[in-house]
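In terms of this note's numbering, the sequence shown opens at residue 1 and continues consecutively.
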Amino acid sequence: MKKIVLFVVSLLICFSCQKKGNDTVSLKIDCRLTGEVLLAGGNHCRFHDLAIVGDYYIFLSNQGDTLISVYSRHDMSFIGAGMQEGEPSVRLYPSFVHYNYAEREEKNRISVWNNTLRRIDQYDLRKTDDTVFTPVASTSFDKKMIESRFPLITEEETYAVGLTPNPGTIFFSFHPRTGFYHVPAYPLIPHLDYRRTRSNPHASAICVNEEKGVIVAAARYINIVNFYDLNGDMIKPMPYGDSFIFPEFDPSGEVHNVEKSVKCFLDITCSMNYIYCLYDGSSNYSTLSTILVFNWEGMHIRNLQVDRSIRNLQVDADDHYLITLAENEEEGRDVVRYKL
């Protein structure tokens, strides 16, 4: 009887491994897109996040005095700006909250995840005081919350990617009552001693569809897109290509060599229908960017190649176009639109 049980368990493990290995995304480019520059940024423009909300495009910066810059979605006219608080030397990476359950019906509001001041600042884009935006509401972080990126706030949990080193984690979920759940790394990096390394080699860009109960994580230093349920249990891994790319480490295995490592997925955006994962594939951002498109069931739809090296992207709600931030020759960022 014991032999039969062991045999059945072995079969289950075998089938599970085969299921993980069978689904890979082809490197084939299905469509090439040419962009339209909406705003030439010059060397002064260092936006690092963007959002499409109602009638507006909003851009986020962590440099200089300006935090958010708001432009008309119709003609790219400047609407106003929200100013930074705190000294530049102590600012921590701010992020837009690209999904907030409490704002899902709000067409003209956006929230900023302010790591420096440990709060969420909500802006009403219809309310300016002589082109200056100030938060209409602020909510302090829970005292246990850690500094993070890609924050997503659902009805029950907050999901994000931590800024502090946690090498065995892709992202985390947090509830004030139950605390943190750290989603375990997949795939594991060969020969890496996870107890010694001081980095986030599995850092990912994440997005959520609360109605479908799916979270998608696209890894920055590994060529894989993983699908999870809202409990953080993996539904489906989707490697891009036939073999894994892994990050580079120094000989001790403690320090992640970011400069030499291939940059895989830089950003992610989604609509109710599709997920768009931004892939670079070089160590120095020297290639044309590719965008992998999936549906929420984990099916790969197509690969799009754009005519620039882009760093960030957002899709409109109807999947008509992408707004992107592209590196320019002056080491600034241009705002470029791609029709889908």
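Here a beta-carbon is modelled for each residue, glycine too, at the ideal position from N, C-alpha and C.
Practice prompt. Taking only runs that begin and end inside the region 279-327, name each unbroken beta strand (DSSP E) of 3 or more residues, in chain order.
Written response: 290-295, 300-306, 310-315, 321-327
Fill in: Coil, strand or helix - Y101 by DSSP
The residue labelled residue 101 in the question sits at position 101 within the sequence shown. Correct three-state label for Y101: helix.
Worksheet item: So the beta strand (DSSP E) H175 belongs to, where does it begin and stop?
Response: Numbered from its first residue, the sequence shown carries residue 175 at position 175. Counting along the chain, the beta strand (DSSP E) containing H175 begins and ends at 169-175.
Discussion item. For a test of the three-state rule: what should DSSP assign to T139, helix, strand or coil?
Written reply: One-based indexing of the sequence shown puts residue 139 at position 139. Residue state, collapsed to three classes: strand.
Fill in: Within 8 Å, strictly: CB atoms of R311 and L288
Within the sequence shown, the letter at position 311 stands for residue 311. Within the sequence shown, the letter at position 288 stands for residue 288. No, these two residues do not count as a Cβ contact at 8 Å.
Worksheet item: Helix, strand or coil: which one does DSSP assign to M272?
Response: As a working mapping, residue 272 is identified with position 272 in the sequence shown. Coil.
Worksheet item: When we look at the beta-carbon of T380 and count the other beta-carbons within 10 Å, is it buried (16 or more) or exposed?
Response: Residue 380 is absent from the model: the chain starts at 1 and stops at 340.
Fill in: DSSP three-state assignment for I224, whether helix, strand or coil
The residue you call residue 224 lines up with position 224 of the sequence shown. Of the three classes helix, strand and coil, the one that applies to I224 here is strand, per DSSP.
Discussion item. Just verifying my parser: in three-state terms, what is the DSSP assignment at S72?
Written reply: Along the sequence shown, read from residue 1 onward, the residue named residue 72 stands at position 72. DSSP places S72 in strand when its eight states are reduced to three.
Fill in: Pair within 8 Å by beta-carbon distance, V315 and L39
Start at 1 with the first residue of the sequence shown, and residue 315 comes out as number 315. Start at 1 with the first residue of the sequence shown, and residue 39 comes out as number 39. Not in contact: V315 and L39 (Cβ atoms no closer than 8 Å).
Discussion item. To the nearest angstrom, how far is the alpha carbon of I4 from that of P237?
Written reply: If you number the sequence shown from 1, residue 4 lands on position 4. If you number the sequence shown from 1, residue 237 lands on position 237. Only weak support is given to the placement of I4: the predicted model assigns it a pLDDT of 39, under 50, and the question is left unresolved by the model.
Worksheet item: Looking only at its own chain, which residues have a Cβ that is under 8 Å from the Cβ of M234, when we skip the five neighbours before and after it?
Response: For the purposes of this step, residue 234 is taken as the residue at position 234 of the sequence shown. Cβ neighbours of M234 beyond the five flanking positions: Y186, N226, F227, Y228.
Discussion item. Less than 6 Å between C-beta atoms, sequence neighbours within five positions excluded: which residues of the same chain meet that for S26?
Written reply: By one-based count along the sequence shown, residue 26 stands at place 26. Taken in chain order, the list of residues that qualify is empty.
Discussion item. Could you check whether the region 164-178 touches the region 113-127, counting it as contact only if at least three pairs of C-beta atoms, one from each stretch, sit closer than 8 Å?
Written reply: no
Practice prompt. If I'm right that G82 touches I68 with Cβ under 8 Å, what's the distance once you round it to whole angstroms?
Written response: In the sequence shown, counting from the first residue as 1, residue 82 sits at position 82. In the sequence shown, counting from the first residue as 1, residue 68 sits at position 68. Correct: roughly 4 Å between the Cβ atoms.
Practice prompt. Under the assumption that I224 contacts P239 (Cβ atoms under 8 Å), give the Cβ distance between them as a whole number of angstroms.
Written response: Residue numbering aside, residue 224 sits at position 224 when the sequence shown is read from its first letter. Residue numbering aside, residue 239 sits at position 239 when the sequence shown is read from its first letter. Contact flag correct, Cβ pair sits at about 5 Å.
Worksheet item: Can you name, in chain order, every residue of its own chain whose Cβ lies under 7 Å from the Cβ of S140, other than the five neighbours on each side?
Response: Taking the sequence shown and counting its residues from 1, the one referred to as residue 140 is at position 140. Cβ within range, chain order: R118, R119.
Worksheet item: What three-state label does DSSP hand I245 in the structure shown?
Response: By 1-based counting over the sequence shown, the position of residue 245 is 245. Reduced to three states, the DSSP call for I245 is coil.
Worksheet item: With DSSP run on the structure shown, which of helix, strand or coil describes Q122?
Response: One-based indexing of the sequence shown puts residue 122 at position 122. Note: Q122 maps to strand in three-state DSSP.
Worksheet item: Exposed or buried, what is I29 when buried is set at 16 or more other beta-carbons lying within 10 Å of its beta-carbon?
Response: Mapped onto the sequence shown, residue 29 falls at position 29. Exposed, since its Cβ has fewer than 16 Cβ neighbours within 10 Å.
Worksheet item: For E327 versus S309, is the C-beta spacing smaller than 8 Å?
Response: Residue mapping note: residue 327 aligns to position 327 of the sequence shown, counting from 1. Residue mapping note: residue 309 aligns to position 309 of the sequence shown, counting from 1. Yes. Within cutoff.
Worksheet item: Is DSSP giving F47 helix, strand or coil here?
Response: As a first step, residue 47 is located in the sequence shown; it is residue number 47 there, counting from the start. F47: coil per DSSP, three-state reduction.
Worksheet item: Considering N209, what are the terminal residues of the beta strand (DSSP E) in which it resides?
Response: Residue mapping note: residue 209 aligns to position 209 of the sequence shown, counting from 1. Note, N209: beta strand (DSSP E), 204-209.
Discussion item. Quick check on E36: buried or exposed, where buried means 16 or more other Cβ atoms within 10 Å of its Cβ?
Written reply: Position 36 of the sequence shown, counting from 1, holds the residue named residue 36. Looking at its Cβ environment, which holds fewer than 16 other Cβ atoms inside 10 Å, E36 is exposed.
Worksheet item: When you compare only the Cα positions, how much space is there between K339 and D318?
Response: The residue you call residue 339 lines up with position 339 of the sequence shown. The residue you call residue 318 lines up with position 318 of the sequence shown. Going by the C-alpha atoms only, they are around 11 Å apart.
Worksheet item: The beta strand (DSSP E) spanning P151 covers which residue range?
Response: Taking the sequence shown and counting its residues from 1, one reaches residue 151 at position 151. P151 -> beta strand (DSSP E) spans 148-153.
Item to complete: Output the boundary residues of the beta strand (DSSP E) element that contains R198.
Response: Here residue 198 corresponds to residue number 198 of the sequence shown, with the count starting at 1. Per DSSP, R198 belongs to no beta strand (DSSP E) and is neither H nor E.
Fill in: Helix, strand or coil at T131 [DSSP, three-state]
Along the sequence shown, read from residue 1 onward, the residue named residue 131 stands at position 131. Three-state result, T131: coil.
Worksheet entry | Y274 versus S61 - alpha carbon distance | Residue numbering aside, residue 274 sits at position 274 when the sequence shown is read from its first letter. Residue numbering aside, residue 61 sits at position 61 when the sequence shown is read from its first letter. So the alpha carbons of these two residues sit roughly 27 Å apart.
Practice prompt. Would you check if the distance between the CB atom of R220 and the CB atom of F265 is smaller than 8 Å?
Written response: Residue 220 sits at position 220 when you count from the first residue of the sequence shown. Residue 265 sits at position 265 when you count from the first residue of the sequence shown. Yes; because the gap between Cβ atoms is below 8 Å, this pair is in contact.
Worksheet item: Whose C-alpha, out of E297, S261, G168, E103, is nearest the C-alpha of V214?
Response: Here the question's residue 214 lines up with position 214 in the sequence shown. Considering only alpha carbons, the answer is E297.
Worksheet item: Just reading off the beta strand (DSSP E) that H182 is part of, what are its end residues?
Response: Numbered from 1 along the sequence shown, position 182 holds the residue referred to as residue 182. 179-184 is the span of the beta strand (DSSP E), which, as asked, contains H182.
Worksheet entry | Secondary structure of M83, DSSP reduced to three states | Translated into positions along the sequence shown, residue 83 becomes position 83. If DSSP states are grouped into helix, strand and coil, M83 belongs with the strands.
Worksheet item: Hey, how far is the Cα of G21 from the Cα of S243?
Response: Taking the first residue of the sequence shown as position 1, residue 21 is located at position 21. Taking the first residue of the sequence shown as position 1, residue 243 is located at position 243. Any reading at G21 needs caution, since the residue's pLDDT is 45, under 50, leaving its predicted position unreliable; the model's value is listed next. Each residue's alpha carbon lies about 10 Å from the other.
Worksheet item: Nearest to V97 by CA position, among P184, C207, N166, P165, is which residue?
Response: On the sequence shown, position 97 is the one that residue 97 refers to. Out of P184, C207, N166, P165, C207 has the C-alpha closest to the C-alpha of V97.
Discussion item. Taking the straight line between their C-alpha atoms, what separation do you get for N100 and E157?
Written reply: Your numbering for residue 100 matches position 100 in the sequence shown. Your numbering for residue 157 matches position 157 in the sequence shown. Looking at the two C-alpha atoms, the distance is approximately 10 Å.
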